[in-house]
Structures are given as structure tokens and as C-alpha cells.
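Mapping the sequence shown onto my numbering, position 92 (from 1) lands on 92, and the numbers just tick up by one. Shown next, in C-alpha cells, is the structure this report addresses.
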Amino acid sequence: MAEMLNFEMVSPERLLLSEEVTSVTVPGTDGDFTVFAAHAPVLSTMRPGVVDVQKASGEERIFVRGGFAEVNPSGLIILAEEAIAMADLDKEALAQQIQNAQEDVDDASDDEKKRLAQEALDHLKQLETAL
Numbered sequence: 001m002a003e004m005l006n007f008e009m010v011s012p013e014r015l016l017l018s019e020e021v022t023s024v025t026v027p028g029t030d031g032d033f034t035v036f037a038a039h040a041p042v043l044s045t046m047r048p049g050v051v052d053v054q055k056a057s058g059e060e061r062i063f064v065r066g067g068f069a070e071v072n073p074s075g076l077i078i079l080a081e082e083a084i085a086m087a088d089l090d091k092e093a094l095a096q097q098i099q100n101a102q103e104d105v106d107d108a109s110d111d112e113k114k115r116l117a118q119e120a121l122d123h124l125k126q127l128e129t130a131l
């Protein structure tokens with residue numbers, strides 16, 4: 001049996017995962033990297049993308065909006081700015097949210113409202129790309 005990796009993923013809202021896994025693929029700022037047990041220590045920023053968690057029971061995919069990944073002798077810790085399980089995403093609902101967000105950008109009455117609406121639209125498009 002493969003050696004297991006201690007893995008934790010935390011967002012500002014809650015602890016998302018804390019378990020032993022086979023491997024985790026992280027969307028690092030400088031490119032994706034996969035972490036196994038006994039990996040060399042690494043500290044990396046993360047870009048928006050999908051964290052692919054390989055467990056004994058199967059695969060779990062989680063979209064992160066960014067954050068930090070730390071590999072240390074104890075395992076891997078991901079501090080995510082935001083995290084959403086890919087299984088929880090509905091493609092049709094997301095398409096409608098993108099359309100609504102685009103309308104918000106188009107209808108914004110001042111620069112600040114337009115900036116905030118554009119940030120929301122960009123985030124939704126990142127989610128769509130991850131699907």
C-alpha cells in the first residue's frame with residue numbers, strides 16, 4: 001500500500017478537509033505540482049484552479065480562488081482564499097450567474113460599482129473554466 005500524506009485544506013470560513021490521502025495536485029502560481037508523502041518542503045502561492053485530491057476512496061476536486069500551499073514534514077496544508085467542491089457546481093446555474101454578472105458590469109453606474117461587478121464576473125468565469 002502507498003504511503004499516505006496528511007492533508008488539510010482551510011478556507012476563511014472553515015476546515016474543509018483533514019485526512020490522509022494518496023496525493024494532491026496543487027495549482028501553483030508557477031505551475032501545477034503534485035505532492036506525495038515524504039515530499040520535500042515547499043511553500044507556494046496558488047493561482048485560481050482545481051486542487052485534485054487522490055484518496056483511497058476515490059478522487060475529490062476542489063476549485064480554489066488562490067491562497068498558499070505549504071508542504072512540511074507533517075504533510076500538506078492549503079490555505080485557500082475561497083474553496084468550492086467541483087461536485088457542488090451546476091453548469092447551467094453558473095452560466096446564468098455569469099450572464100447576470102455581465103449585466104451588472106454593463107449597468108454599473110460608477111467606476112467602483114463597475115470594478116466590484118467585474119471582480120464578481122471574473123470569479124465566475126474562473127469557476128466556469130475549471131468545469
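In this text, a Cβ means the ideal position worked out from N, Cα and C, and glycines have one as well. It should be emphasised that the depicted structure is a prediction, and the values quoted were computed from it without experimental measurement.
Own chain, CB closer than 6 Å to residue i, minus 5 neighbours either side, in chain order
i      : result
Ile62  : Val51, Ala83, Ala85
Ala161 : With the chain covering 1 to 131 only, the question about residue 161 has no answer from this structure.
Asn72  : Pro41
Glu70  : Leu43, Ile77
Glu19  : none
Lys55  : Val21
Gln97  : Leu124
Cβ-Cβ distance between residue i and residue j below 8 Å
i     : j      : result
Met46 : Val21  : no
Val53 : Val10  : no
Leu94 : Leu124 : yes
Limits of the unbroken alpha helix (DSSP H) element including residue i
i      : result
Ala117 : 111-130
Sequence-distant residues of the same chain with beta carbon closer than 7 Å to residue i, five excluded per side
i      : result
Gly49  : Pro27, Val64, Ala130
Lys114 : Val105, Ala108
Ser74  : Asn6
Lys91  : Leu131
Beta-carbon proximity list for residue i, same chain, < 8 Å, skipping 5 on both sides
i     : result
Leu15 : Glu8, Met9
Host beta strand (DSSP E) of residue i (start-end)
i     : result
Ser18 : 15-21
Glu3  : Glu3 -> no beta strand (DSSP E), and no H or E assigned at all.
Is there contact between the region 72-80 and the region 102-111, where contact requires at least three CB pairs shorter than 8 Å? no
Kindly confirm or deny that the region 93-102 and the region 30-46 touch, where touching means at least three C-beta pairs closer than 8 Å. no
Counting only runs of 4+ residues fully inside the region 64-108, write out the alpha helix (DSSP H) ranges in chain order. 91-107
Quick one: which unbroken beta strand (DSSP E) runs of 3-plus residues sit fully inside the region 23-61? Chain order, please. For the region 23-61, the full-length beta strand (DSSP E) segments reaching 3 residues or more read 23-28, 31-35, 42-46, 49-55 along the chain.
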